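**Student:** Protein chains in written order, with the working numbering: chain A, 32 to 226; chain B, 58 to 672.
#1: Identify the contact partners of residue 226/A in chain B, using a Cβ-Cβ distance below 8 Å as the criterion.
#2: Could you give the C-beta distance for residue 409/B and residue 310/B, rounded to a whole number, given that I count them as a contact under 8 Å?
#3: Note down, in chain order, each residue of its chain lying with its Cβ closer than 7 Å to the Cβ of residue 624/B, except the 5 sequence neighbours on either side.
#4: Which same chain residues end up closer than 7 Å to residue 317/B when comparing Cβ atoms and leaving out the 5 residues on each side of it in sequence?
#5: Taking the continuous alpha helix (DSSP H) assigned at residue 164/B, which residues delimit it?
#6: Quick check on residue 152/B: does DSSP put it in helix, strand or coil?
#7: Give every residue of the same chain whose Cβ lies closer than 8 Å to the Cβ of residue 541/B, excluding the five residues on either side of it in the sequence, and list them in chain order.
#8: Using the rule of at least 16 other Cβ atoms within 10 Å of the residue's Cβ for burial, across every protein chain shown, is residue 180/A buried or exposed?
#9: Counting only runs of 4+ residues fully inside the region 352–378 of chain B, write out the alpha helix (DSSP H) ranges in chain order.
#10: How is the beta strand (DSSP E) around residue 651/B delimited, first residue to last?
#11: Please list the residues of the region 542–570 of chain B that have a C-beta atom closer than 9 Å to any C-beta atom in chain A, keeping them in chain order.
#12: From 72/B, 291/B, 489/B, 229/B, pick the residue whose C-alpha is nearest to that of residue 148/B; which is it?
#13: If you measure between the beta carbons of residue 173/B and residue 235/B, is that distance less than 9 Å?
#14: Among 640/B, 603/B, 527/B, which residue has its Cα nearest to the Cα of residue 617/B?
#15: I'd like the span of the alpha helix (DSSP H) that includes residue 529/B, first residue to last.
#16: Under the three-state reduction of DSSP, which class applies to residue 191/B: helix, strand or coil?
#17: Beta-carbon separation of residue 183/A and residue 124/A under 9 Å?
#18: Between which two residues does the alpha helix (DSSP H) carrying residue 675/B extend?
#19: Kindly indicate which three-state DSSP category residue 640/B falls into: helix, strand or coil?
#20: Residues in the same chain with beta-carbon distance under 6 Å from residue 288/B, minus the five sequence neighbours each way, listed in chain order, please.
#21: Please report the straight-line C-alpha distance between residue 205/B and residue 175/A, rounded to a whole angstrom.
#22: Can a CB atom of chain A be found closer than 9 Å to the CB of residue 274/B?
#23: For the candidate residues 245/B, 269/B, 344/B, whose alpha-carbon lies nearest to that of residue 357/B?
#24: In chain order, what residues of the same chain lie with their CB nearer than 6 Å to the CB of residue 529/B, ignoring the 5 residues before and after it?
#25: Comparing the CB of residue 79/A with every heavy atom of the ligand GTP, is any distance shorter than 8 Å?
#26: Along the region 231–245 of chain B, what residues have a CB closer than 9 Å to any CB found in chain A?
#27: Looking only at its own chain, which residues have a Cβ that is under 6 Å from the Cβ of residue 126/A, when we skip the five neighbours before and after it?
#28: With H, G and I counted as helix, E and B as strand and the rest as coil, what does DSSP make of residue 160/B?
#29: Is there a Cβ of chain B sitting closer than 9 Å to that of residue 86/A, yes or no?
#30: Just to confirm, is the Cβ distance from residue 375/B to residue 186/B under 9 Å?
#31: Should residue 86/B be flagged as near chain A, meaning a C-beta pair shorter than 9 Å?
#32: Counting only beta-carbon separations shorter than 9 Å, does residue 344/B have a partner in chain A?
#33: With a threshold of 9 Å between beta carbons, is residue 643/B in contact with chain A?
#34: I'd like to know whether the C-beta atoms of residue 276/B and residue 154/B end up nearer to each other than 9 Å.
#35: Could you spell out where the alpha helix (DSSP H) holding residue 250/B opens and where it closes?
#36: Please return the same chain residues whose Cβ sits closer than 7 Å to the Cβ of residue 145/B, not counting the five positions on each side in sequence.
Spelled out as structure tokens, the structure:
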């Protein structure tokens, strides 16, 4: 859909970014600002006192490993596509998708573990903030899964062809996915060290 | 002064000989722009059509917002007036007492003030101003076929439309739209039971604004990418018109600040729907304590104003860019201090992120911290003053054509000065603590970003109307519109300074219980009368606008103002793709007026052998 733009010849431009890839970068900036706003709210609220301290669910460590792995498999799929290795391209994409789903499931288990310990969304703001930060991250990841599902569908049920347009598409989804991975590590580290 | 040569440039010859062939029109199977009515006028991906959609939607909201202001001005100026005649329009918003005398219900007074603020700030002066002109001018002035992603651009408008529909629906709720002020501070916005509009009205308000932010972000992503990636050959950053510079910086500000507003809204939504305590604490309703513990309403204010202050620059910067362009063209003078203008735009954009807490001096914040915000607030006066100085020196010794766009551009500078000066008062915490929430503040921001931004918008509409619709607006009606508007606007907002200094608080429904303020009754009546005069002038404008779309004088030449920027090198009614053949190639900055004996030199004209592109 995004690729339906008018065609440009840009041989006189020395811009290293394709416009649509650049659009994605800017989108990531705005998502980063959303989380920066929430994190600064967290810091301000925490310094005001009345802040509940609780350990993070252990499963978050495994989910962290999972999302790092899914990022790696996507990078692998991208490289495979560039080299024309169809089999590993397909497998990498599918693996990424399932690791993404696995991450979400683990997040869900983490939340229910917290909930069973009495840390609900509406109690102490320490808990509310955790649910908001991790929940919004999960929502963004669900959006990424939809985009990934389209690409997986193309790879498995359509003929795989080398095209510039597909490279750009893969670049866009990769940047988004790697960003979510880094964002999760930042969030996890932040929550871990500033409980 | 050397005699200038008024010559016409043969655009087609330059484009054919000098233009850049991007092979845009090759490999087409038939006419790919032969599109159906729906994809041409409704779900269009053409940036010019999207711009018009933004403009007309913005105008509709401007009239709704202005109509509300008339009603609450009636309440403030003539509180005893019988308003029962408004019942057919406003229905239950008008109470009728036992004697048959109608009066505005206080709840709906607050609702109208709130919706007036919300729609004018967001829907009219953000979407209607920057949405219209960024869309229309960026591709045309940088020599691009369209935006980087026309599809996202279309989505951007339709998210705005969705936001508009939701906001419009909230006006028809039985409990009315949100009524807690356009800033939507908790607890009024966080507790559904706080006041009439805080229930469903506030839900719709929040959803509407979240969709609106999506629209702004999609638009902003496109504007930035287009300016960075799709400039035509030779269009370096130092050759961009100031309009494009201002839209570019505006989009960056929006991209960085609107997501933070969403963060604030997410927390607000959770407080409302899931019972969290981000903003709520120790609240009793009818003697019953609520379960919320430990929240802070100040937190919302910080998140809100982190957008809220940059937002006023999102509003004013596009107007500044338009005014620079219009002034230079109609005074036949190069803009004075082009680079200083650009650096000022960037400086204003940067500083706008460091001043937000000057809206919160009375919120109980640390006075030491306030000093930081005072300092940066006052520093913003420097780039602003640089810009004003440059506009005035652009006019100095210029060959000023007092056309309608030029009049509005001059009016903009006038309002920007008079409103900007009161900003220096309010930026100082010691004075602001006295003035806060009085009519002095109302006067300040209406003049500096309300009326001034509108004047920039009018200048833009009158100037680019021939490009948008291929016809001229009526100049006589335009001049009447200008004089009525400038007089009415000053007469409405100037007296408010006196009210504010005397301590008259804003947002009050009535001043009956303040004997002191009865001395201002006449002044309030004068303000209300001029509000009506100003509104009438806008009706005149709307008539002129819509009449001229269909029956205005046709544009007979491609470059009617003899302007230098690239949009005038495209045909009067450019199709999708903007230039029928090659793209123009840029050889010079956009303000070569009165250079080397020629009146103007468009950007696509190559330099003479002995000429240098120095500015």
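Idealized CB from N, CA, C, for every residue including glycine. Everything numeric in this text was worked out from a predicted model, so none of it was measured.
**Tutor:** According to the structure data:
#1: The premise fails here: residue 226/A is roughly 16 Å from chain B at the closest Cβ pair, so nothing lies under 8 Å.
#2: Residue 409/B to residue 310/B, Cβ: 6 Å. Contact.
#3: Only 194, 197, 198, 524 meet the Cβ criterion.
#4: Taken in chain order, the residues that qualify are 360, 363, 364.
#5: 163–175 is the extent of the alpha helix (DSSP H) around residue 164/B.
#6: Strand at residue 152/B.
#7: Answer for residue 541/B: 590, 591, 593, 594, 597, listed in chain order.
#8: It counts as exposed.
#9: Whole alpha helix (DSSP H) segments, 4+ residues: zero.
#10: For residue 651/B, the enclosing beta strand (DSSP E) starts and ends at 650–652.
#11: Result list empty, no residue passes.
#12: Sorting 72/B, 291/B, 489/B, 229/B by C-alpha distance to the C-alpha of residue 148/B places 229/B at the top.
#13: Not closer than 9 Å, so no.
#14: Answer by Cα proximity: 527/B.
#15: First-last for residue 529/B: undefined, no H or E at that position.
#16: Assigned with DSSP and collapsed to three states, residue 191/B falls in helix.
#17: A contact, by the Cβ cut-off of 9 Å.
#18: Lying before the first or after the last residue shown, residue 675/B is absent from chain B, which here runs from 58 to 672.
#19: Three-state result, residue 640/B: strand.
#20: The residues 199, in chain order, have a CB closer than 6 Å to that of residue 288/B in the same chain once the five nearest residues on each side in sequence are set aside.
#21: For the pair residue 205/B and residue 175/A, the Cα-to-Cα distance works out to about 22 Å.
#22: At a cut-off of 9 Å between beta carbons, residue 274/B contacts chain A.
#23: When only C-alpha atoms are compared, the closest one is 245/B.
#24: 523, 609, 610, listed in sequence order.
#25: This structure lacks the ligand GTP, and indeed carries no ligand of any kind.
#26: Of all residues in the region 231–245 of chain B, none has a Cβ within less than 9 Å of some Cβ in chain A.
#27: Excluding sequence neighbours, residue 126/A sits near 104.
#28: Here residue 160/B sits in strand by DSSP.
#29: Under the Cβ distance rule, residue 86/A does not count among the residues neighbouring chain B, no pair being separated by less than 9 Å.
#30: Cβ atoms of residue 375/B and residue 186/B: closer than 9 Å.
#31: Note on residue 86/B: pLDDT 45, under 50, position unreliable in the model; no value is reported.
#32: So no, residue 344/B is outside the interface.
#33: By this cut-off, residue 643/B is not an interface position.
#34: No, these two residues do not count as a Cβ contact at 9 Å.
#35: Premise fails: residue 250/B is in no alpha helix (DSSP H) and is neither H nor E.
#36: The answer is none, since no qualifying residue turns up.
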